[in-house]
Amino acid sequence: MNHEKTKAPAIDHGVMILDVLATSSYPLTLSEICESTGISPATGHRVVNALLQHQLVAKDPGRKKAYCIGSRVFQISSTIYNKQSLVPLFYPIAEILKNEIHKSIFLCVPIGSKVVVVSKVDASSNDSVDIFIGKTMAMQASAAGRAILSMRPQAYWKDYCDDQPPQALDDESQGTLFDSLDRARRLGYAISSTLDQEGTGCIATPVLNMRNEPIAAISAVIHGGAIKAEDARSYSKFLVQAARQLSARVI
Numbered sequence: 003m004n005h006e007k008t009k010a011p012a013i014d015h016g017v018m019i020l021d022v023l024a025t026s027s028y029p030l031t032l033s034e035i036c037e038s039t040g041i042s043p044a045t046g047h048r049v050v051n052a053l054l055q056h057q058l059v060a061k062d063p064g065r066k067k068a069y070c071i072g073s074r075v076f077q078i079s080s081t082i083y084n085k086q087s088l089v090p091l092f093y094p095i096a097e098i099l100k101n102e103i104h105k106s107i108f109l110c111v112p113i114g115s116k117v118v119v120v121s122k123v124d125a126s127s128n129d130s131v132d133i134f135i136g137k138t139m140a141m142q143a144s145a146a147g148r149a150i151l152s153m154r155p156q157a158y159w160k161d162y163c164d165d166q167p168p169q170a171l172d173d174e175s176q177g178t179l180f181d182s183l184d185r186a187r188r189l190g191y192a193i194s195s196t197l198d199q200e201g202t203g204c205i206a207t208p209v210l211n212m213r214n215e216p217i218a219a220i221s222a223v224i225h226g227g228a229i230k231a232e233d234a235r236s237y238s239k240f241l242v243q244a245a246r247q248l249s250a251r252v253i
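The sequence shown begins at 3 in my numbering and counts up by one.
Structure below.
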């Protein structure tokens, strides 16, 4: 995982260590952590000890002098997940939608300039896709993000693009993005091809609160590459209906 350095190196090192431990298939020793992250042993020792005190990492009982993710990470994750009040409302609606279109259904919420998958209902074991709870995507790079962006004021679109790193958007892609958002606002749904998985596309519709503000998006993954216009129209009828049902339950 790539990490951009900030002006707080201790935080940078802590995040790198947590990422390495989270993605490793087994507990890691300090030397393995330092080798994977490029952190010096002395710095690694200090940061790991600090993370131990905060229960963000723990000593693994099954491997000598090895570390794993600590209990506090799970506590924080559980607290955040339990705050997602849309999740229990989403499940029955997603089950019906899944049976209507026979596709895996996802609920995404905006977090800053990203969208995060907070719930999913798989169509079948044969319909597995590399989208998981916690997966984070840039707004402009996902159908769910575009659906949410499309319902925000147009002035926000420019502010959003201005905040993105130069390599993420150029003038041409910014204009293309704005056209896509205009279209999504008119039609009530957004489509995109995923950037990290070949052969799939996504279609998403925004979920709105009582002030007509986007608070989430319901997304379906369509196998077979780019979604054809006629297929998008066919799927969109069901997704728009599902999003309206979920929006109606938002207090």
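Glycine included, each C-beta is placed from N, C-alpha and C at the ideal position.
For residue i, the three-state DSSP class (helix, strand or coil)
i: residue 136; result: coil
i: residue 53; result: helix
i: residue 78; result: helix
i: residue 252; result: coil
i: residue 2; result: Look at the range of the chain in this structure, 3 to 253, and you will see that residue 2 is not part of it.
i: residue 208; result: strand
i: residue 30; result: strand
i: residue 202; result: strand
i: residue 13; result: helix
i: residue 238; result: helix
i: residue 41; result: coil
i: residue 192; result: strand
i: residue 8; result: coil
Residue i, enclosing beta strand (DSSP E) - first and last residue
i: residue 109; result: 107 to 113
i: residue 116; result: 116 to 123
i: residue 69; result: 68 to 71
i: residue 216; result: 216 to 225
i: residue 229; result: No beta strand (DSSP E) holds residue 229; DSSP gives it neither H nor E.
i: residue 61; result: 59 to 61
Endpoints, the alpha helix (DSSP H) within which residue i is located
i: residue 147; result: 145 to 152
i: residue 88; result: 88 to 103
i: residue 157; result: 156 to 165
Contact set for residue i: own chain, Cβ-Cβ below 8 Å, skip 5 residues either direction
i: residue 71; result: 20, 23, 24, 58, 59 and 60
i: residue 224; result: 105, 202, 203, 204, 205, 233 and 237
i: residue 33; result: 43
i: residue 50; result: 19, 32, 35, 59 and 69
Span separating the alpha-carbon of residue i from that of residue j
i: residue 1; j: residue 249; result: The chain is shown only over 3 to 253; residue 1 falls outside these bounds and no answer can be derived.
i: residue 88; j: residue 44; result: 45 Å
i: residue 199; j: residue 139; result: Annotation note: pLDDT 48 at residue 199 (below 50); position unreliable, no value reported.
i: residue 37; j: residue 77; result: 28 Å
i: residue 194; j: residue 52; result: 42 Å
i: residue 29; j: residue 56; result: 18 Å
i: residue 242; j: residue 181; result: 20 Å
i: residue 27; j: residue 73; result: 17 Å
i: residue 220; j: residue 176; result: 24 Å
i: residue 197; j: residue 9; result: Below a pLDDT of 50, predicted positions are generally treated as unreliable, and residue 197, at 44, falls in that range; no measurement from the model is reported.
i: residue 62; j: residue 100; result: 40 Å
i: residue 184; j: residue 12; result: 43 Å
i: residue 215; j: residue 39; result: 41 Å
i: residue 112; j: residue 68; result: 36 Å
i: residue 18; j: residue 83; result: 23 Å
i: residue 170; j: residue 46; result: 32 Å
i: residue 239; j: residue 42; result: 55 Å
i: residue 257; j: residue 145; result: Shown here, the chain extends from 3 to 253; a query on residue 257 therefore has no answer.
i: residue 160; j: residue 114; result: 15 Å
Pick from the options that is closest to residue i, judged by C-alpha positions
i: residue 65; options: 31, 105 and 142; result: 31
i: residue 16; options: 48, 231 and 26; result: 48
i: residue 191; options: 235, 43 and 29; result: 235
i: residue 134; options: 142, 124, 143 and 141; result: 124
i: residue 218; options: 34, 152 and 102; result: 152
i: residue 251; options: 209, 145 and 231; result: 209
i: residue 97; options: 115, 126 and 114; result: 126
Cβ-heavy atom distance, residue i to the ligand FMN, below 8 Å
i: residue 244; result: Within the structure as shown, the ligand FMN is missing, as the structure has no ligands at all.
Neighbourhood of residue i by C-beta, 6 Å cutoff - its chain only, sequence neighbours within 5 removed
i: residue 95; result: 244, 247 and 248
i: residue 121; result: 89, 92 and 109
i: residue 163; result: 171 and 176
i: residue 137; result: 119
Cβ-based neighbour list, residue i, same chain, cut-off 7 Å, excluding 5 preceding and 5 following
i: residue 147; result: 117, 139, 140 and 141
i: residue 85; result: none
i: residue 186; result: 148, 149, 152 and 192
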